[in-house]
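Read top to bottom, the protein sequences are chains A and B.
Counting from 1 along the first sequence, just add 83 to a position and that's the residue number in the numbering used here.
Counting from 1 along the second sequence, just add 12 to a position and that's the residue number in the numbering used here.
Some notes on the structure that comes next.
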Amino acid sequence: MEQTMFYVFAAVALGSSLAMVMQRNPVTAAMNLVLTMFSLAALFVLLQAHFLAVIQLLVYAGAVMVLFLFVIMFLNLTDDQMMPGRRSILHVAGVALAIYALLQLRELIERTPASAPKPLAADFGTTAAIGKLLFSDYLLPFEITSVLILAAIVGAVVLAKRRID
Amino acid sequence: MVPINHNLMLSAVLFLIGVAGVLTRRNAIIVLMCVELMLNAVNLSFLAFARALGDMGGHVFVFVVIAVAAAEAAVGLAILLAVFRNKETVNIDELNLMRW
Numbered sequence: 084m085e086q087t088m089f090y091v092f093a094a095v096a097l098g099s100s101l102a103m104v105m106q107r108n109p110v111t112a113a114m115n116l117v118l119t120m121f122s123l124a125a126l127f128v129l130l131q132a133h134f135l136a137v138i139q140l141l142v143y144a145g146a147v148m149v150l151f152l153f154v155i156m157f158l159n160l161t162d163d164q165m166m167p168g169r170r171s172i173l174h175v176a177g178v179a180l181a182i183y184a185l186l187q188l189r190e191l192i193e194r195t196p197a198s199a200p201k202p203l204a205a206d207f208g209t210t211a212a213i214g215k216l217l218f219s220d221y222l223l224p225f226e227i228t229s230v231l232i233l234a235a236i237v238g239a240v241v242l243a244k245r246r247i248d
Numbered sequence: 013m014v015p016i017n018h019n020l021m022l023s024a025v026l027f028l029i030g031v032a033g034v035l036t037r038r039n040a041i042i043v044l045m046c047v048e049l050m051l052n053a054v055n056l057s058f059l060a061f062a063r064a065l066g067d068m069g070g071h072v073f074v075f076v077v078i079a080v081a082a083a084e085a086a087v088g089l090a091i092l093l094a095v096f097r098n099k100e101t102v103n104i105d106e107l108n109l110m111r112w
């Protein structure tokens with residue numbers, strides 16, 4: 084059952100991400116990315132990461148993608164701006180590089196020993212367990228993240244606001 | 013349980029789809045979306061290793077990565093808005109202000 088679920092959601096993630104990269108219309112691309120996020124959240128659940136699956140849905144499929152869609156619609160790109168149909172050598176080079184890197188990575192991954200999975204703690208992946216880790220062992224990264232988000236808020240406001248002349 | 017190799021392979025393929033998108037697409041918004049896809053692919057790797065090793069450190073990493081990605085999207089899109097206001101385009105071929 085778990086295997087079947089994995090392959091179904093992996094296929095959905097692969098298909099929708101490919102569709103996103105090939106899609107000419109930015110709104111359709113964004114919708115495909117939302118679908119990718121959803122199937123990745125399902126894969127997170129299969130990996131016993133329940134809290135992060137919910138965060139993935141709330142933050143990515145919710146907040147970030149709404150921001151993307153808002154900007155796409157705000158810019159209101161005309162058709163010729165949306166699809167500059169220039170097929171350059173960069174297209175071929177980019178795809179070739181990705182395929183070559185994939186082949187290299189595959190050899191590396193095949194060498195990863197498929198050891199028997201370690202027994203999991205009863206609270207593995209729960210909010211309580213992550214909270215305990217965040218406020219003990221990983222307190223400094225947590226605080227740095229909050230400073231980063233503050234900087235991002237200030238930066239976004241300053242960048243996006245119109246000059247008052 | 014799904015073997016860790018399959019998760020890692022899926023993660024690698026998703027990451028490289030993102031790389032190919034960043035290298036080939038000319039619309040800056042879609043380039044940003046491809047970067048988000050790459051970050052997500054890496055998250056999948058982290059969680060696969062966390063599951064295989066029974067260690068929740070990977071979950072904290074993913075938590076931080078999601079926070080950074082949200083901040084990156086906010087600032088990146090704000091920059092795009094500012095650029096669009098000045099140049100009336102988001103095609104990265106026409107944005108050569110900082111070219112050497």
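Just so it is clear, CB atoms sit at the ideal spot from N, CA and C, and this is done for glycine as well.
Suppose you measure from the CA of L129/A to the CA of A60/B; what does that come to, to the nearest Å?
10 Å
Using DSSP with H/G/I as helix, E/B as strand and the rest coil, what is N39/B?
Correct three-state label for N39/B: strand.
Taking the runs of the alpha helix (DSSP H) that are 4 residues or longer, which of them lie wholly in the region 40 to 112 of chain B?
40 to 65 and 69 to 99
CB contact below 9 Å: V142/A versus chain B
yes
Give the range of the alpha helix (DSSP H) segment to which S100/A is assigned.
E85 to M105
Can you tell me whether DSSP reads Q164/A as helix, strand or coil?
Residue confidence is low: Q164/A scores 49 on pLDDT, short of 50, so the model does not pin down where it sits. No coordinate-derived value is stated.
Kindly indicate if chain A contains any beta-carbon less than 9 Å away from that of V54/B.
no
Which residues of the region 193 to 218 of chain A have a Cβ closer than 8 Å to any Cβ of chain B? Give them in chain order.
E193, T195, A197, S198, P200, K201, P202, L203, A204, F207, G208, A212, I213, L216 and L217
Contact defined as beta carbons within less than 8 Å: I believe A32/B pairs with V178/A. What is the distance between those atoms, to the nearest angstrom?
5 Å
In the region 119 to 193 of chain A, which residue ranges form an unbroken alpha helix (DSSP H) of at least 4 residues, counting only runs that do not cross its ends?
133 to 138, 148 to 158, 162 to 165 and 172 to 193
Rounded to the nearest angstrom, what separates L217/A and L231/A at their Cα positions?
Our two residues, L217/A and L231/A, have alpha carbons roughly 16 Å apart in a direct line.
For a cutoff of 9 Å on Cβ pairs, would you count R97/B as touching chain A?
yes
Would P202/A be called buried (16 or more neighbouring beta carbons within 10 Å of its own) or exposed?
exposed
Counting pairs of beta carbons, one from the region 235 to 243 of chain A and one from the region 82 to 90 of chain B, are three or more of them closer than 8 Å?
yes
Same chain, Cβ closer than 8 Å to L92/B, five either side skipped, listed in chain order
A40, I41, L44 and V102
Alpha carbon to alpha carbon, how far is G66/B from A197/A? Give it in angstroms, no decimals.
Distance between A197/A and G66/B, taken at the CA atoms: about 14 Å.
With distance defined between alpha-carbon atoms, name the residue in A93/A, L101/A and V91/A nearest to L116/A.
L101/A
In angstroms, rounded to a whole number, what distance separates the CA positions of E193/A and N52/B?
Cα to Cα, the separation comes out at about 22 Å.
If we cut at 9 Å on Cβ distances, does N19/B have a partner in chain A?
Yes, N19/B lies at the interface with chain A (some Cβ there is under 9 Å from its Cβ).
Could you tell me the distance, in whole angstroms, from the CA atom of M13/B to the CA atom of S122/A?
One C-alpha to the other measures close to 18 Å.
Coarse secondary structure for G214/A, derived from DSSP in three states:
helix
When Q139/A, F207/A and T209/A are compared against T119/A, the one with the closest alpha-carbon:
Selected option, being the one with the closest Cα: Q139/A.
9 Å Cβ cutoff met for F75/B and L49/B:
no
Under 8 Å by Cβ, that's how I've got A243/A and A94/B pegged, so tell me the actual separation to the nearest angstrom.
7 Å
Is Y143/A buried or exposed, if buried means 16 or more other CB atoms sit within 10 Å of its CB?
buried
Classify L116/A as helix, strand or coil using the three-state DSSP reduction.
helix
Within the continuous alpha helix (DSSP H) that includes V240/A, where are the two ends?
L222 to A243
To the nearest angstrom, report how far apart V91/A and R111/B are at their CA atoms.
Taking the straight line joining both Cα atoms gives about 44 Å.
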